[in-house]
Amino acid sequence: MPSELDRERDYVGALYERLDTLKDDARARLAETRRETVGGNHQSRSERDAYARLYEDTLAQLGEVDDRLAFGRLELTDPDDPSISGSGRYRYIGRIGLRDTDHHPILLDWRVPGASAFYQATAATPMGARARRHLTLQGREVTRIEDEVFDPELLGRDDVQLQGEGALMAALTAQRTGRMTDIVATIQAEQDRIIRSALDGILVVQGGPGTGKTAVALHRAAFLLYSHRERLRGSGVLVVGPSRSFLRYIEQVLPSLGESGVVLSSLGGLYPGVEATADDAPATAALKGSGQMADLLRRAVRSRQIAPTEPSDVEIDGERMTVQPGLVAEALKRAQERGKPHNEGRVLFNRYALAALTRQLVDQLRGRGTTIDDADELVLREDVRQSYDVRVLLNTAWIPLSPEKLLEDLYARPNWLASITQRWSPEDRALLRRARGEAFTISDVPLLDEAAELLGEFDTKVDAERRALKQQQKRDIENAERAIENMQVEGLVDARDIAGNFAERAVSLTSAERAADDRTWAYGHVVVDEAQELSPMQWRLLARRCPLRSFTVVGDIAQASSPASATSWDRALQGLLPRRRGAAQAGGSWRLEELTVNYRTPSQIVEYAEATARSTGLEITPSRSVRASEWAVREVSVPGRVQDPAPTVVSAVEADCAVDSGGTLAVIAPEPLVTSLLAALSAAFPGLVADGSSSLTRPISVLSPATSKGLEFDSVVVVDPAGIVARSSRGNASLYVAETRPTQRLTVVSLA
Ligand SMILES: Nc1ncnc2c1ncn2[C@@H]1O[C@H](COP(=O)(O)OP(=O)(O)OP(=O)(O)O)[C@@H](O)[C@H]1O
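Sequential numbering of the sequence shown, starting at 15, is according to this note's numbering.
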């Protein structure tokens, strides 16, 4: 009689056979499309290219799910339970849904409602299941099965093996590669509930370090894209992380879950055309991040709409005329009353001013006895418009502005800044001082975006073209959806991607790339990771990216260490939920979920980090670690007379590599020490060392606490903890971040 393991091997083998057949189909269709003779009109050629891309994408996505295609099985109490699709006693759960040739489900996508019992069922609440089985695969072969039983009747059966949390422990203790992997096979019940929480509104997920917030946020993005296809396909999902290295760390998770169309952005990349990587000194970053910058920018824009104080002489096609300040002031006032953004208001201002100037010119000529009819008036109006003097006059009063120019001027012209910040101290003004031409910082990004909002489209023609393009894309998407329906590849390919291929202007762009390029794109959902770090100005930017206010906000208030970050979620979210008079609750609430189990860090390191946090006055939410490791935290001191900590750090790294040389290790030190430690370690370990921004896949990374945010390593060496604490008013939070990065070992190197 075949064993249970053999039976599972056969079943999973059949699933892979089905996967291969689907791949072969896609491959054959791709070859056929490519073979079709070149020719036809442009439309048919671009359609053929679009289909070729569709098959390529399908193949790539089927390839992505090859690893651990199926990972679980539910045994049902009622084999015909209508809430769980399929028939028979068992439901297999995997990365995608598969049907056999008769269209019967043979594998359930982990995201369908019927699969939730796999993650959430307990003996107390079995959710229609009698037992849950975890399948561990190596390559395509099932190597282990573990069962959890909810129905006492099954306990006596000898084909059931009780193995507890083996799959989870195997995942948690696996060596880290520098890239985050999905946790789809071992999602825990408290995490699953958050992943499947409703799309609408603002969901805040608070949890200490290592509680799986990032993992949950990414799986939630995949879940929402799958379950709300209709709504999110058109608008997309934006995932925001703290830095580029963090994005590199997480970038493989969503593709491995079959979702490639999500826009990932760092805080420095949220304004199209600017990729800011450096940040300002803490005091400047705190000021730039504060809500008062929104008022300042509003005043700055308004101060660029200014009537002259003296009469101006202008020449219009040989005729001289004196323009009183009141004429310009009146046109300004009328245009401002319309409440348009600056550049759009300028069009109105020009129109009002030109009409008034033409009237004055006509009156002046008539006053001299010239007869002027309607046709003459039109010609005169054109003369007024073309007059160089008039153009200078109107441009001086209301010049078109780009966000970049506005911000550069604000930083580089102290007198102008002083004139609109009368209540500021000179020290605060000095914090903004900056020479022209210097690269924008991460804190400038939300200011550029705010300015763009106040200024409106720089060139109104661009606006009209963009609208026309959006219309065309809508038609293309409808066509593509019909095509997908005919090909039965639903769920694997995005109609927007194919539509992108139909659209002549965007042949090589995916919908995600188009969204990332478009500042005014309204996303259907936004996921913000390490959200405790965001400044009020960054929250204002994100609010504009999602007018529906559908957000997943994940973070840990205790880890907040950036200069403009908030001290509570209520405060942090004020930027997302502007209080409207008389509508205190209208769209103004958010819901909180908490994660309490630390999956990353062994208990002895958690205890050490929490004790340090308390001793430095940091309020933390204690978390419970799921495991202990065999290594105690090591404390090392740099000998008293030695100035340079590098040799001690090199020895600490050597000692750690002697324990286990195969994993990833991070040296986390105060910012000023990073460069010298990088040099010393690179010399000691040639070819093995990288700084955080270049690569996390090298075995050894040298990072500051800020760049280590959200990352994890098998081993961590924290250098000069007192120096980290002393660096800023939130230095204690930075140290807590640093000490909670390891999955196995922590060494702390203190300076004497
Ligand atoms: N259910 C799970 N199964 C397997 N691994 C898990 C699970 N939950 C979390 N992990 C792992 O635990 C580690 C920590 O998760 P994650 O980085 O999401 O935590 P975090 O709460 O975002 O941490 P931090 O706040 O420190 O950045 C990751 O390696 C993640 O893959």
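Where is the CB? At the ideal position from N, CA and C, for every residue including glycine.
> Apart from the five residues on each side of it in sequence, which residues of its chain come closer than 7 Å, Cβ to Cβ, to Gln378?
Replying inline: For the purposes of this step, residue 378 is taken as residue 364 along the sequence shown, with counting starting at 1. Correct list, in chain order: Met335.
> Taking 8 Å as the cut-off, does the CB of Gly724 come closer than this to any heavy atom belonging to ligand 1?
Replying inline: As a working note, residue 724 is residue 710 in the sequence shown. Yes, ligand 1 has a heavy atom inside 8 Å of this Cβ.
> DSSP on Gly745, reduced to helix/strand/coil?
Replying inline: Taking the sequence shown and counting its residues from 1, one reaches residue 745 at position 731. Correct three-state label for Gly745: helix.
> Should the region 75-87 be regarded as contacting the region 17-35, the criterion being three or more beta carbon pairs within less than 8 Å?
Replying inline: yes
> Since Ile159 is in the beta strand (DSSP E), which residue starts that stretch and which ends it?
Replying inline: Indexing the sequence shown from 1 puts residue 159 at position 145. Here the beta strand (DSSP E) through Ile159 covers Glu155 to Val163.
> Helix, strand or coil: how does DSSP classify Ala40 here?
Replying inline: Start at 1 with the first residue of the sequence shown, and residue 40 comes out as number 26. Note: Ala40 maps to helix in three-state DSSP.
> Just how far apart, CA to CA, sit Gly305 and Met551?
Replying inline: Position 291 of the sequence shown holds residue 305. Position 537 of the sequence shown holds residue 551. For Gly305 and Met551, the distance between alpha carbons rounds to 6 Å.
> Would you say the beta carbon of Gln205 comes nearer than 8 Å to a heavy atom of ligand 1?
Replying inline: Position 191 of the sequence shown, counted from the first residue, corresponds to residue 205. Within the cutoff, so yes.
>> My output table needs one value for Glu607: the three-state DSSP class, helix, strand or coil.
In response: Locating residue 607 in the sequence shown gives position 593, counting from the first residue. Correct three-state label for Glu607: strand.
> Quick one, which of Ala184, Ser715, Thr47 and Arg427 has its alpha-carbon nearest Tyr65's?
Replying inline: As a working mapping, residue 65 is identified with position 51 in the sequence shown. Of the listed residues, the one whose Cα sits closest to Tyr65 is Thr47.
> Which whole-angstrom value is the C-beta distance of Trp535 and Ala526, which I expect to be below 8 Å?
Replying inline: As a first step, residue 535 is located in the sequence shown; it is residue number 521 there, counting from the start. As a first step, residue 526 is located in the sequence shown; it is residue number 512 there, counting from the start. So it is not a contact: roughly 10 Å between Cβ atoms.
> What's the call for Gly677, buried or exposed, on a 16-neighbour Cβ count within 10 Å?
Replying inline: Counting from 1 along the sequence shown, the entry for residue 677 is found at position 663. With 16 or more other Cβ atoms within 10 Å, it is buried.
>> Less than 7 Å between C-beta atoms, sequence neighbours within five positions excluded: which residues of the same chain meet that for Arg41?
In response: Reading the sequence shown from its first residue, position 27 is the one you call residue 41. Excluding residues within five positions, the ones whose Cβ falls inside 7 Å are Leu73.
> Buried or exposed: where does Glu644 fall if 16 or more other Cβ atoms within 10 Å of its Cβ makes it buried?
Replying inline: Sequence index remark: in the sequence shown, residue 644 carries index 630 (1-based). Counting Cβ neighbours within 10 Å, Glu644 comes out exposed, since fewer than 16 surround it.
> Is Tyr613 near ligand 1, with its Cβ less than 8 Å from a heavy atom?
Replying inline: Taking the sequence shown and counting its residues from 1, the one referred to as residue 613 is at position 599. It does: the Cβ of Tyr613 is within 8 Å (strictly closer) of some heavy atom of ligand 1.
> Is the number of C-beta pairs between the region 244-258 and the region 539-548 that are closer than 8 Å three or more?
Replying inline: yes
> Three or more C-beta pairs closer than 8 Å, one from the region 124-138 and one from the region 104-114: is that the case here?
Replying inline: yes
> Which class does Thr754 belong to by DSSP, given the choice of helix, strand or coil?
Replying inline: In the sequence shown, residue 754 corresponds to position 740, counting from 1. In this structure, Thr754 counts as coil in the three-state DSSP scheme.
> Would a C-beta distance cut-off of 9 Å place Ala143 and Leu90 closer than the cut-off?
Replying inline: As a first step, residue 143 is located in the sequence shown; it is residue number 129 there, counting from the start. As a first step, residue 90 is located in the sequence shown; it is residue number 76 there, counting from the start. In this structure, Leu90 lies closer than 9 Å to Ala143 by Cβ.
> Going by C-alpha distance, which of Pro414, Gly221 and Val620 is nearest Gly569?
Replying inline: Here residue 569 refers to the residue found at position 555 of the sequence shown. Comparing Cα-Cα distances from Gly569 to each of Pro414, Gly221 and Val620, the minimum goes to Gly221.
> Any heavy atom of ligand 1 closer than 8 Å to the CB of Ile571?
Replying inline: Working through the sequence shown from its first residue, we reach residue 571 at position 557. Every heavy atom of ligand 1 is 8 Å or more from the Cβ of Ile571, so no.
> How long is the line joining the alpha carbons of Arg49 and Leu606, rounded to whole angstroms?
Replying inline: Within the sequence shown, numbered from 1, the residue matching residue 49 stands at position 35. Within the sequence shown, numbered from 1, the residue matching residue 606 stands at position 592. Distance between the alpha carbons of Arg49 and Leu606 is about 55 Å.
> Using a Cβ-Cβ cut-off of 6 Å (strictly less than) and excluding sequence neighbours within five positions of Ser9, which residues of its own chain qualify?
Replying inline: No answer is possible for residue 9: it lies beyond the span of the chain, which begins at 15 and ends at 766.
> Helix, strand or coil: how does DSSP classify Asp20 here?
Replying inline: Counting from one through the sequence shown, the residue named residue 20 turns up at place 6. Three-state DSSP puts Asp20 in a helix.
>> Our contact map puts Gln266 next to Arg193 with C-beta atoms below 8 Å; I'd like the distance itself, whole angstroms only.
In response: Taking the sequence shown and counting its residues from 1, one reaches residue 266 at position 252. Taking the sequence shown and counting its residues from 1, one reaches residue 193 at position 179. With a Cβ gap of about 5 Å, Gln266 and Arg193 count as contacting.
> Could you give the C-beta distance for Ile6 and Arg147, rounded to a whole number, given that I count them as a contact under 8 Å?
Replying inline: For residue 6 there is no data in the structure shown, the boundaries of the chain being 15 and 766.
> Can you list, in chain order, the residues of its chain whose CB lies under 6 Å from that of Thr372, leaving out five sequence neighbours each side?
Replying inline: Your numbering for residue 372 matches position 358 in the sequence shown. The answer, listed in chain order, is Leu394, Arg395 and Val398.
> Just to check, is the beta-carbon of Leu186 closer than 8 Å to a non-hydrogen atom of ligand 1?
Replying inline: Here residue 186 refers to the residue found at position 172 when the sequence shown is read from its first residue. Checking every heavy atom of ligand 1 against the Cβ of Leu186, one is found closer than 8 Å.
> If Asp403 sits next to Val328, beta carbons under 8 Å apart, how far is it from one beta carbon to the other, in whole angstroms?
Replying inline: Here residue 403 refers to the residue found at position 389 of the sequence shown. Here residue 328 refers to the residue found at position 314 of the sequence shown. Confirmed, about 4 Å.
>> Taking 8 Å as the cut-off, is the C-beta of Arg193 nearer than that to any heavy atom in ligand 1?
In response: Numbered from its first residue, the sequence shown carries residue 193 at position 179. Every heavy atom of ligand 1 is 8 Å or more from the Cβ of Arg193, so no.
> Can you tell me whether DSSP reads Ile201 as helix, strand or coil?
Replying inline: By one-based count along the sequence shown, residue 201 stands at place 187. Ile201: coil per DSSP, three-state reduction.
>> I need the straight-line Cα distance from Gln350 to Asp294, nearest angstrom please.
In response: As a working note, residue 350 is residue 336 in the sequence shown. As a working note, residue 294 is residue 280 in the sequence shown. Rounded to whole angstroms, Gln350 to Asp294 spans 34 Å at the Cα level.
> What whole-angstrom Cβ distance do Val315 and Leu469 have, given they're in contact under 8 Å?
Replying inline: If you number the sequence shown from 1, residue 315 lands on position 301. If you number the sequence shown from 1, residue 469 lands on position 455. Indeed, because the Cβ distance is near 7 Å, the residues count as touching under 8 Å.
> Should Gln177 go down as buried or exposed, given a rule of 16 or more other Cβ atoms within 10 Å for buried?
Replying inline: Translated into the one-based positions of the sequence shown, residue 177 becomes position 163. Bear in mind that the predicted position of Gln177 carries a pLDDT of just 36, short of 50, making it too unreliable to give a figure here.
>> DSSP three-state label for Gln189, please.
In response: Your numbering for residue 189 matches position 175 in the sequence shown. The answer is coil: DSSP assigns Gln189 none of H, G, I, E or B.
>> Taking only three categories from DSSP, how would you classify Glu50?
In response: In the sequence shown, residue 50 corresponds to position 36, counting from 1. Note: Glu50 maps to coil in three-state DSSP.
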